[in-house]
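Position 1 of the sequence shown, counted from 1, bears residue number 26 in my numbering, the numbering being contiguous throughout.
Where is the CB? At the ideal position from N, CA and C, for every residue including glycine.
Remember, it's a predicted structure, so these values are computed and weren't measured experimentally.
Below is one structure; the comments refer to it alone.
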Amino acid sequence: MAVLLKGSEVVNAMKDKLLDSVEELRKQGIVPGLAIVRLGANPDDLSYERGIIKRCEGLGIKCSVHEFDEQITQCDLIREIGNLNNNEEVHGILIFRPLPRHIDENVVKHAISPEKDMDCLNPINVAKVFEGDTSGYAPCTPEAVVEILDHYGISVEGKKVVIIGRSLVVGRPLSMLLLKKNATVTICHTRTRNIEEVCKEAEILIAAAGKAKMVTGSFISEGQTVIDVGINVDENGKLCGDVDFDEAEKKAAYITPVPGGVGTVTTSILAKHVVQAAMKKRAKD
Ligand code: NAD
């Protein structure tokens, strides 16, 4: 049976460092501030938002929620983002995606200040991830995967890592973060042939396809580390990952659960980014 890579352990390990940094800022009269921009009231967004607020406020980060009607015009949204860019109390901004169809994400992504862009929406931050420049903010979820591997001492150096999924939110930036750590990375996607065989070759297999339990036992080889980024709902309405956990854990050496794995750590990475943004601003002021 595989060893469980628990997100809560990683979160606890990050907590003390973050609390120290927040205290250091507080002594100088600075309270790190996160602005959450949400359009409409999608239940999944609301649940994610509650998790963010709980985690951030537990660390002394002030959260403000900027809820707008789903029908807000692009022009008004850009103006609101501009206001947050100029707000001295806001160190980081998170815009929930996907945006409604009438809003062009290509316009919005340029509107958010790169210094306040906590989840790598602005192309400047995206470029930094691809250049291996750590001065920006990587997307929270790929960074959470790296944090989990680091925490459990699972080195990727020289190893065969296979990622299922090539989105700009998870798969592609994750491949760059792992490449920077000298992994040998393969990305699989919907057109990949013999995907099971490719995945079996991996020493570390990361699933980010958004397809419930698609990674069955036949994708897994003995001794693999399996990281499940997927968040899906199964046939019984229960939360599940992209990996068929029961099948995978019989062969894998290490595996992340869903829930309680990558998603749990993602929120702490967001909190870390806000604290970093507050520290960078202090250094500039
Ligand atoms: P996406 O739909 O944008 O991208 C999915 C990718 O997977 C695509 O590149 C596609 O080519 C590939 N794919 C889909 N089906 C496949 C298949 N059958 N075989 C091979 N490749 C396949 O999704 P995303 O935004 O990258 O998210 C992926 C998953 O991660 C989703 O379940 C999402 O809910 C989850 N997610 C989790 C977190 C977290 O914090 N844990 C954050 C973001 C996304």
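{"Item": "Once you ignore the five residues that flank Thr167 on each side, which residues in its own chain have a CB closer than 7 Å to its CB?", "Value": "Checking the sequence, you will find Pro at residue 167 rather than Thr. Counting only Cβ-Cβ distances below 7 Å, and skipping sequence neighbours, we find Val195, Pro198, Leu199 and Leu202."}
{"Item": "Go ahead and label Ser243 buried or exposed: buried means 16 or more other beta carbons lie within 10 angstroms of its beta carbon, across all protein chains shown.", "Value": "exposed"}
{"Item": "Tell me which residues share the same chain as Ala169 and place their Cβ nearer than 6 Å to its Cβ, disregarding the 5 neighbours each side in the sequence.", "Value": "Val287, Val290, Thr291 and Ile294"}
{"Item": "Among Asn110, Val28 and Leu124, which one has its Cα closest to the Cα of Arg63?", "Value": "Leu124"}
{"Item": "For Lys87, report the span of its beta strand (DSSP E) as first-last.", "Value": "Lys87 to Phe93"}
{"Item": "Of the choices Ile128, Leu119 and Lys185, whose alpha-carbon is the least far from that of Val223?", "Value": "Lys185"}
{"Item": "Could you pull the start and end residues of the alpha helix (DSSP H) that Leu124 belongs to?", "Value": "Looking at the DSSP string, Leu124 is not in any alpha helix (DSSP H), and its letter there is neither H nor E."}
{"Item": "So the alpha helix (DSSP H) Cys213 belongs to, where does it begin and stop?", "Value": "Careful: Cys213 lies outside any alpha helix (DSSP H), inside the beta strand (DSSP E) at Thr209 to Cys213."}
{"Item": "Apart from the five residues on each side of it in sequence, which residues of its chain come closer than 8 Å, Cβ to Cβ, to Met26?", "Value": "Glu274 and Lys275"}
{"Item": "State the start and end residues of the unbroken beta strand (DSSP E) segment that holds Gly58.", "Value": "Gly58 to Leu64"}
{"Item": "Ignore the nearest five residues each way along the sequence and tell me which others in Ser138's own chain have a CB closer than 6 Å to its CB.", "Value": "Asn110"}
{"Item": "Is Val28 a contact residue of the ligand NAD, with contact defined as CB to any heavy atom under 7 Å?", "Value": "no"}
{"Item": "Please say whether Glu182 and Lys206 have beta carbons closer to each other than 8 Å?", "Value": "yes"}
{"Item": "Let me confirm a value: Cys81 is counted as buried when at least 16 other C-beta atoms fall within 10 Å, else exposed. Which label applies?", "Value": "buried"}
{"Item": "What did DSSP end up calling Ala27 once you bin it into helix, strand or coil?", "Value": "coil"}
{"Item": "Would you check if the distance between the CB atom of Glu105 and the CB atom of His116 is smaller than 8 Å?", "Value": "no"}
{"Item": "Should the region 209 to 224 be called in touch with the region 251 to 259, which here means at least 3 C-beta pairs below 8 Å?", "Value": "no"}
{"Item": "By Cβ distance, which residues of its chain are closer than 6 Å to Asp120, with the 5 residues on each side in sequence left out?", "Value": "According to the sequence displayed, residue 120 carries Ile and not Asp. Cβ neighbours of Ile120 beyond the five flanking positions: Val62."}
{"Item": "From this set, Ala233, Leu50 and Ile245, which residue's C-alpha is nearest Gly266's C-alpha?", "Value": "Ala233"}
{"Item": "Should Lys238 and Asp259 be called a contact, given that it needs their Cβ atoms to be closer than 8 Å?", "Value": "yes"}
{"Item": "Based on the DSSP secondary-structure assignment, which residues constitute the bridge partners of Asn257?", "Value": "Cys265"}
{"Item": "Find out if the Cβ-Cβ distance for the pair Glu226, Val187 is shorter than 8 Å.", "Value": "yes"}
{"Item": "Using 7 Å as the cut-off, classify the Cβ of Asp142 as near or not near the heavy atoms of the ligand NAD, replying yes or no.", "Value": "no"}
{"Item": "Could you tell me which of Lys297, Ile280 and Lys306 sits nearest to Asp144, measuring between CA atoms?", "Value": "Lys297"}
{"Item": "Leaving out the 5 sequence neighbours to the left and right, which residues in its chain are closer than 6 Å to Glu248 when beta-carbon positions are compared?", "Value": "A small correction: the amino acid at residue 248 is Gly; Glu does not occupy that position in the sequence shown. Correct list, in chain order: Ala278."}
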